[in-house]
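J.: Pasting in a structure now, in structure tokens, and then I'll have a few things to ask.
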Amino acid sequence: MKRFLLGAAIACTTMLSAGATFAADLTFWTWRQEDKAEYEKFFADFNKANPDITVKFEAFEATSYNTVLSTALAGGKGPDLMMTRTYGGIESLAGAGYLMPLDDTKIPALKGFSEPALASATMRSDKTLYAVPAASQTMLVIYNTEIFEKNGITEPKS
């Protein structure tokens with residue numbers, strides 16, 4: 001959880017300090033309702049260093065987030081900053097022109113991310129980066145080698 005929040009904090013900080021002119025009040029949307037307390041601490045710290053900018057955290061139900069987000073953006077009432085779904089989840093938002101293309105001149109911290117991490121935040125059709133990676137997940141299979149040996153089963157290769 002802390003790793004996810006650290007990534008999200010880096011994403012928000014880099015976006016907020018990217019040199020753009022921001023309104024005094026910004027909104028940040030996510031589907032991660034369980035992170036509200038931590039985000040509010042982060043935004044309070046950010047506000048101490050940037051007293052002219054406040055960030056309002058809004059979390060939505062995970063299953064309806066994409067619909068809520070795209071509907072709000074289409075109606076001109078979407079957030080200033082948002083969590084986006086990786087890989088194909090960026091396509092509809094970026095394709096509709098709701099996201100700003102990013103690069104390491106706007107967000108210098110991008111230089112610290114691996115190519116696969118950046119690929120997850122890139123629009124597949126034009127290879128343009130539209131988001132800052134906020135989390136990393138590892139998937140693996142655990143198996144009992146003793147049971148495999150007893151039953152003459154070898155480790156899968158794929």
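This note's numbering puts the sequence shown at residues 1 to 158.
For each residue, glycine too, the CB sits at the ideal point set by N, CA and C.
(1) In angstroms with no decimal places, state the Cα-to-Cα distance between Asp35 and Ala117.
(2) Taking Cβ positions, are Ala72 and Trp31 nearer each other than 9 Å?
(3) Going by DSSP in three states, Thr13 sits in which element: helix, strand or coil?
(4) Check whether the stretch 103 to 117 and the stretch 142 to 152 are in contact - that is, three or more C-beta pairs closer than 8 Å.
(5) Cα separation between Ser92 and Lys48?
(6) Please return the same chain residues whose Cβ sits closer than 7 Å to the Cβ of Gly7, not counting the five positions on each side in sequence.
(7) When DSSP builds the beta bridges, which residues end up paired with Ala135?
(8) Go ahead and label Tyr87 buried or exposed: buried means 16 or more other beta carbons lie within 10 angstroms of its beta carbon, across all protein chains shown.
(9) If you run the structure through DSSP and keep just helix, strand and coil, what is Phe43?
(10) Check for me: the beta strand (DSSP E) holding Lys150 runs from which residue to which?
(11) Please tell me whether, using a cut-off of 8 Å, the distance from the CB of Trp31 to the nearest non-hydrogen atom of the ligand PLP is below it.
(12) Given a cut-off of 9 Å on the beta-carbon distance, is the pair Met82 and Trp29 in contact?
(13) To which residues of the same chain is Tyr130 closer than 8 Å at the C-beta, ignoring the five residues directly before and after it?
(14) What number of angstroms, rounded off, separates the C-alpha of Asp80 from the C-alpha of Thr27?
(15) Measure the alpha-carbon distance for Gly97 versus Thr105 and round it to whole angstroms.
(16) Under the DSSP definition of a beta bridge, which residues are partnered with Ala159?
T.: Per the coordinate set shown:
(1) 22 Å
(2) No.
(3) Its pLDDT being 49, under 50, Thr13 is placed unreliably by the model, and the measurement read from it follows with that caveat. Note: Thr13 maps to helix in three-state DSSP.
(4) no
(5) The straight-line gap from Cα to Cα measures roughly 35 Å.
(6) Because Gly7 carries a pLDDT of 49, less than 50, the predicted location of this residue cannot be relied on, and the following value inherits that uncertainty. For Gly7, where only same-chain residues beyond five positions count, the Cβ hits under 7 Å are Pro133, Ala134, Ala135.
(7) Answer is none; Ala135 lacks a bridge partner.
(8) exposed
(9) helix
(10) Unbroken run through Lys150 is the alpha helix (DSSP H), 145 to 150; no beta strand (DSSP E).
(11) Here there are no bound small molecules, and the ligand PLP is not part of this structure.
(12) yes
(13) Thr84, Ile90, Leu93, Ala94, Leu99, Met100, Pro101, Leu102, Ala121, Thr122, Met123
(14) 5 Å
(15) Whole-angstrom Cα-Cα distance: 20 Å.
(16) Nothing can be reported for residue 159: it is not among the residues displayed for the chain, which extend from 1 to 158.
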